[in-house]
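In what follows, a single structure is set out as C-alpha cells and then discussed.
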Amino acid sequence: MSLPKSMQQPMALRLSSAGFLAFWCLLAAFPIFWIAVMSFKDPVDAFASNPLDVVFGPETVATGRGLSIVSIVVGLAALWYTFRLATTTLPRLVKQFSPPHLIVPGWIIGALVFALGFLIVFAGILPPLLSAVNSVLGPIGEPILGLTTEHYSAVWFENAFYENFINSLIITVGVVTVSLTVGTLAGYGLARSGSSLAFWILIIALIFRALPHSVLVAGYLPPFINSAEILRPLLGDAAPTLYGKPWAVIAVLVSINQPFTIWMLRSFFQNIPNELDEAARVDGCTHFQAFRWVIMPVMWPGVITTGLFSFLLAYNDYLVCSLLLDAQNQTMVPAIAGYFNRETTTTDQVEAVAAAVSIIAPLFLLIMIFQRQIVSGLTAGAVKG
Amino acid sequence: MKFKTFAAFVGPSIFLMLLFIAAPLISVFMQSFYVTQPIFETVEVETCTPGFPTQTCVTETKTQPVLGDDGKIVTAVKYVGLESYVNVLEPDRAWAALSALDFRALLTIDFWKALRFTLTFTLVTLPLVIGVGLVIAVTVNNATRMIRGPIIFVSLLPFIITPVIGALSIRWLFIGDGIMTAFLEWWLARDIAMFAQGWTIELLMMFYRVWHVAPFAFVVFYAGLQTVNQDTLESAVIDGASRWERLRYVIIPHLMPLIVFISLIHLMDSYRVFEEIVGFSSQAYRISLQWLTYDLLTPDDSGNRSISRASASAMLTMIGIVVLLVPLLRKTWRDHKGGKV
Numbered sequence: 001m002s003l004p005k006s007m008q009q010p011m012a013l014r015l016s017s018a019g020f021l022a023f024w025c026l027l028a029a030f031p032i033f034w035i036a037v038m039s040f041k042d043p044v045d046a047f048a049s050n051p052l053d054v055v056f057g058p059e060t061v062a063t064g065r066g067l068s069i070v071s072i073v074v075g076l077a078a079l080w081y082t083f084r085l086a087t088t089t090l091p092r093l094v095k096q097f098s099p100p101h102l103i104v105p106g107w108i109i110g111a112l113v114f115a116l117g118f119l120i121v122f123a124g125i126l127p128p129l130l131s132a133v134n135s136v137l138g139p140i141g142e143p144i145l146g147l148t149t150e151h152y153s154a155v156w157f158e159n160a161f162y163e164n165f166i167n168s169l170i171i172t173v174g175v176v177t178v179s180l181t182v183g184t185l186a187g188y189g190l191a192r193s194g195s196s197l198a199f200w201i202l203i204i205a206l207i208f209r210a211l212p213h214s215v216l217v218a219g220y221l222p223p224f225i226n227s228a229e230i231l232r233p234l235l236g237d238a239a240p241t242l243y244g245k246p247w248a249v250i251a252v253l254v255s256i257n258q259p260f261t262i263w264m265l266r267s268f269f270q271n272i273p274n275e276l277d278e279a280a281r282v283d284g285c286t287h288f289q290a291f292r293w294v295i296m297p298v299m300w301p302g303v304i305t306t307g308l309f310s311f312l313l314a315y316n317d318y319l320v321c322s323l324l325l326d327a328q329n330q331t332m333v334p335a336i337a338g339y340f341n342r343e344t345t346t347t348d349q350v351e352a353v354a355a356a357v358s359i360i361a362p363l364f365l366l367i368m369i370f371q372r373q374i375v376s377g378l379t380a381g382a383v384k385g
Numbered sequence: 386m387k388f389k390t391f392a393a394f395v396g397p398s399i400f401l402m403l404l405f406i407a408a409p410l411i412s413v414f415m416q417s418f419y420v421t422q423p424i425f426e427t428v429e430v431e432t433c434t435p436g437f438p439t440q441t442c443v444t445e446t447k448t449q450p451v452l453g454d455d456g457k458i459v460t461a462v463k464y465v466g467l468e469s470y471v472n473v474l475e476p477d478r479a480w481a482a483l484s485a486l487d488f489r490a491l492l493t494i495d496f497w498k499a500l501r502f503t504l505t506f507t508l509v510t511l512p513l514v515i516g517v518g519l520v521i522a523v524t525v526n527n528a529t530r531m532i533r534g535p536i537i538f539v540s541l542l543p544f545i546i547t548p549v550i551g552a553l554s555i556r557w558l559f560i561g562d563g564i565m566t567a568f569l570e571w572w573l574a575r576d577i578a579m580f581a582q583g584w585t586i587e588l589l590m591m592f593y594r595v596w597h598v599a600p601f602a603f604v605v606f607y608a609g610l611q612t613v614n615q616d617t618l619e620s621a622v623i624d625g626a627s628r629w630e631r632l633r634y635v636i637i638p639h640l641m642p643l644i645v646f647i648s649l650i651h652l653m654d655s656y657r658v659f660e661e662i663v664g665f666s667s668q669a670y671r672i673s674l675q676w677l678t679y680d681l682l683t684p685d686d687s688g689n690r691s692i693s694r695a696s697a698s699a700m701l702t703m704i705g706i707v708v709l710l711v712p713l714l715r716k717t718w719r720d721h722k723g724g725k726v
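Residue numbers (the numbering used here), protein chains in the order written: chain A, 1 to 385; chain B, 386 to 726.
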C-alpha cells in the first residue's frame with residue numbers, strides 16, 4: 001500500500017514516535033518484570049542496589065541455585081512453545097471439543113488444564129531433567145543466572161497461601177456466574193424496551209456505579225454482624241451470621257458489579273438486530289424462549305467479555321473482602337497485607353514479592369488468551385458514545 | 386415488550402441492586418444519626434490484699450460496662466443528631482484555621498486532609514491520563530501493523546493487574562535502596578528517601594494512577610481513531626493543513642465524545658482512590674476519603690468499629706460524588722427530554 005506523499009511521515013516524526021512507543025512499553029512492563037525477577041532471588045540479591053546483581057543474582061548462584069546457559073535456552077524454548085500452544089492450539093481444541101452452547105465452561109476447563117500442565121512441566125519435569133543434563137555438560141552446565149523458587153514454596157505451602165487462593169477462587173467463580181446470569185437477563189430486557197422506566201433504571205445504575213464501595217460497606221457491616229439476631233424471627237435458630245461468609249460477599253460483589261454489567265451487556269444486545277427475536281416470536285416462541293434459543297447463542301462474545309470484567313472486579317477487590325471476610329476466609333489480595341504486618345526481615349519482604357507475583361500470574365495468562373475480547377469489550381460501549 | 390415480561394427479565398437485577406446498594410445507602414444515612422454505646426455503671430469495689438497484721442482493704446469507685454444475662458456488654462442506641470458529622474468535620478477547628486488562613490492547621494483534621502488529597506489527586510491525574518492515552522493511541526496508530534498487537538498486549542498489563550499489587554510493584558522500585566532510588570541517587574548525586582515525606586509519596590501515587598489508567602484511555606481512543614473519516618482527513622491535507630492542524634481540528638473533535646467518556650469514568654474511579662494508600666502504605670502522610678471510611682470501619686485495638694462516624698464520613702463522600710456528577714446528569718436529562726436517548 002503506497003500512501004500519497006503528503007500522508008507519509010517525515011523521518012523525524014517516525015523516529016520520535018518509535019522512541020516514545022519503546023519508552024512506553026518499557027514503562028508499562030518494567031515494574032511487573034522487575035518484581036518477577038526479584039521474587040526468584042535471595043534477599044541480598046533482590047534488594048541489591050546494582051541492577052546487574054538483581055538480574056544475575058551472584059549470591060543466589062553462590063549458594064548453588066541457578067540456571068546454566070543450557071537451562072536458559074531450554075526454558076526459553078519451552079516458554080515460547082507454551083505461548084504458541086496457548087494462542088493457537090488451545091483455542092482450536094476448545095472450539096473442537098466443546099459444543100457451541102458450552103463454550104464458556106469449555107474455555108474454563110481448557111485454561112485450567114493448560115495451567116496445570118504448565119505447572120507440571122515447569123515445576124515437576126524440567127528441573128530434575130535439566131540438572132541431570134547440566135551435570136554432564138561441564139562449563140556450559142555451570143549456573144550463571146541465580147534463580148530460586150524457595151520463596152514461592154514458602155508462600156504457598158508454609159504460609160498456606162493456597163487457602164487464600166481457594167477462597168479467591170470461590171468468590172470469583174461465584175461472582176462471575178451469578179453476575180452473568182442476572183446481568184444477561186436484565187441487559188436483554190433493557191436493550192429491547194424503549195420505555196422511560198428502562199432509561200431511569202440505567203441512569204440510577206450509572207449513579208450506583210459512581211458510589212465509593214466504602215459507603216456501601218458502611219451500610220453492610222452492622223446488619224451483617226448482627227444478622228443472626230435480625231433474621232431469627234424469620235428463619236428460627238438456623239439464622240446465619242452473614243459476616244465472614246464467602247457467599248454473602250459474592251452477593252455483595254455481584255450487586256456492586258450489576259450497574260456495570262447491565263450497561264455493558266445492554267450495548268452488546270443492542271448490536272444484535274431486533275429482527276432476530278421478532279422472527280423467533282413469529283415462529284411461536286415466547287420472549288424467554290427467543291432469548292434462550294435465538295439470542296444467547298449469538299451473544300457469547302459479549303458474555304465472555306463481561307465475564308472477564310466481572311472476574312477482574314472480584315479477583316482484584318481489596319476493600320469489600322478485607323472488611324466483610326474474617327481472617328480464615330480471606331482472599332489473596334487482602335492476605336498480602338498480612339505480609340506487611342510481619343515484615344521484619346528481608347526474607348519476609350521477598351516472600352511478599354513472591355506472593356504478589358503469584359497473584360498476578362493468572363492475570364498475565366488471562367490477557368494472553370483473552371486480549372482480543374478485553375479490547376473489544378473496552379471499546380464496545382465507548383465508541384458508539 | 387409488555388411490562389410483565391420486562392419485569393421478569395430485569396427483576397432479579399433490580400432486586401439485587403435495591404437490596405445491596407439502595408438499602409445500605411438508607412441504612413448508612415440512618416446510622417449516621419445514631420451512636421451505639423455500651424452502658425456503664427459506677428460501682429464501689431472493695432479489694433483486700435493479704436497483709437500483716439491485718440488485711441489492707443481499699444475501697445474505690447469503678448466505672449465498668451453493664452453485663453447482660455448472656456454475659457455480653459449491654460449497649461444502648463442513642464440519637465445524636467449531627468454529632469457524628471461534627472466529629473468528622475470538626476467545624477470549629479476548621480473555621481479557626483480558615484479564618485487564620487492557616488492551611489497547615491486545616492490539614493491536620495483527617496477529613497479535610499482526605500478531601501484535599503482526593504480532589505488534588507483526581508484533578509491532576511485527569512488531564513495526564515487523557516494526554517498520555519491520546520499520545521499512545523496516535524503513535525500506535527501511526528506505527529506499522531505488525532507491532533501493534535504486542536504493544537497492545539504490553540499496554541494492557543498495567544491496566545489489568547490488581548491495583549494493590551500494581552502500587553506495590555512501583556513501591557518496591559523506590560523503597561529503601563530500591564533500584565530506582567539507587568539510580569536517582571547516582572544520577573542526582575544526593576540522598577533520596579522517597580517514603581520519608583508526603584509530597585514524594587503523593588507524586589508516586591499520581592504516577593501510579595496515570596500508569597494504571599492510561600492504557601484504558603489508550604485502547605478506547607485507539608478504537609475511536611479507526612473510525613476517523615479518511616475523506617475529511619484527505620480534504621484537510623489538500624487544504625494544506627499541517628500534521629498538527631489535522632490532529633487539532635479533525636481528529637480531536639472526532640474523539641471528543643470519547644474524551645468525555647474517559648473523563649467521566651476517571652472522575653468516578655479516582656474519586657474513590659483507595660488501593661494506592663494500601664499499596665504505598667501512605668496513611669501516615671496522605672489519606673483519601675474512601676480510606677477514611679475504611680479506617681473507621683476497621684476494628685481498633687479493643688475490637689470496636691466506629692460505625693457512626695464511618696457512616697457520617699461515607700455520607701459526606703457520597704455527597705461529593707453526587708456534586709461531581711450533577712452536570713452530567715443534567716445533560717443526560719436534557720438529552721432524554723429532547724428525545725435523544
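Virtual Cβ for every residue (Gly too), placed ideally from N, Cα, C.
Rounded to the nearest whole angstrom, the C-alpha separation of residue 565/B and residue 466/B is 51 Å. When Cβ-Cβ separations below 9 Å define contact, residue 151/A makes no contact with chain B. Contact annotation for residue 25/A against chain B: 535, 536, 539, 540 [CB-CB distance below 9 Å, chain order]. Residue 392/B has its alpha-carbon roughly 39 Å from the corresponding atom of residue 328/A. Listed in chain order, the non-local C-beta contacts of residue 521/B below 6 Å within the same chain comprise 603, local neighbours out to five positions each way being set aside. Secondary structure of residue 547/B (DSSP, three-state): coil.
For residue 186/A, the C-beta contacts it makes with chain B under 9 Å involve 394, 395, 396, 397, 398, 399, in order along the chain. Of all residues in the stretch 360-376 of chain A, the ones placed with a Cβ closer than 8 Å to any Cβ belonging to chain B are 360, 363, 364, 366, 367, 368, 371, 374, 375, in chain order. Taking a contact to require three or more Cβ pairs closer than 8 Å, the stretch 210-224 of chain A and the stretch 404-412 of chain B qualify as touching. The DSSP-derived three-state label of residue 492/B is coil. DSSP places residue 144/A inside the beta strand (DSSP E), whose first and last residues are 143-146. Pairwise C-beta distances place the stretch 359-378 of chain A in contact with the stretch 599-616 of chain B, as three or more of them are shorter than 8 Å.
Counted as a single uninterrupted DSSP element, the alpha helix (DSSP H) harbouring residue 416/B occupies residues 408-416. Identification of chain A residues near residue 545/B by a Cβ-Cβ cut-off of 8 Å yields 312, 363, 366, 367, 374, ordered along the chain. Within 10 angstroms of the beta-carbon of residue 694/B lie 16 or more other beta-carbons, which makes it buried. Of all alpha-carbon atoms in 656/B, 637/B, 631/B, 700/B, the one lying nearest the alpha-carbon of residue 411/B is that of 700/B.
Under the DSSP definition of a beta bridge, residue 422/B partners with 461/B. Contact annotation: residue 190/A and residue 180/A have beta-carbon atoms that are not nearer than 9 Å. Contact annotation: residue 555/B and residue 31/A have beta-carbon atoms nearer than 9 Å.
Secondary-structure assignment with DSSP links residue 450/B through a beta bridge to 425/B. Flagged as an interface residue toward chain B: residue 193/A, by a C-beta distance shorter than 9 Å. A straight-line Cα-Cα distance of about 39 Å links residue 675/B and residue 116/A. The shortest C-alpha to C-alpha distance from residue 444/B to any of 540/B, 432/B, 719/B, 504/B is the one to 432/B.
Pairing residue 463/B with residue 422/B, the inter-Cα distance amounts to about 8 Å. One alpha carbon belongs to residue 681/B, the other to residue 691/B, and they sit about 6 Å apart. Neighbours of residue 333/A in chain B, taken as residues whose beta carbon is under 7 Å from its own, are 547, 549 in chain order.
When secondary structure is reduced to three states using DSSP, residue 486/B falls in the coil class, being assigned neither helix nor strand. Here the alpha carbon of residue 553/B sits roughly 5 Å from the alpha carbon of residue 664/B. With at least 16 other beta carbons inside 10 angstroms of its own, residue 640/B counts as buried. Comparing C-alpha distances from residue 269/A to each of 368/A, 241/A, 184/A shows the shortest one belongs to 184/A. Per DSSP, residue 195/A is not a residue of any alpha helix (DSSP H), being assigned neither H nor E. In this chain, the beta strand (DSSP E) harbouring residue 66/A covers 66-68. Between residue 250/A and residue 187/A, the CB-CB gap reaches or exceeds 9 Å.
The secondary-structure analysis by DSSP pairs residue 431/B across a beta bridge with 444/B.
Contact between residue 336/A and residue 545/B fails: their C-beta atoms lie close to 17 Å from each other, not under 8 Å. For the pair residue 631/B and residue 161/A, the Cα-to-Cα distance works out to about 54 Å.
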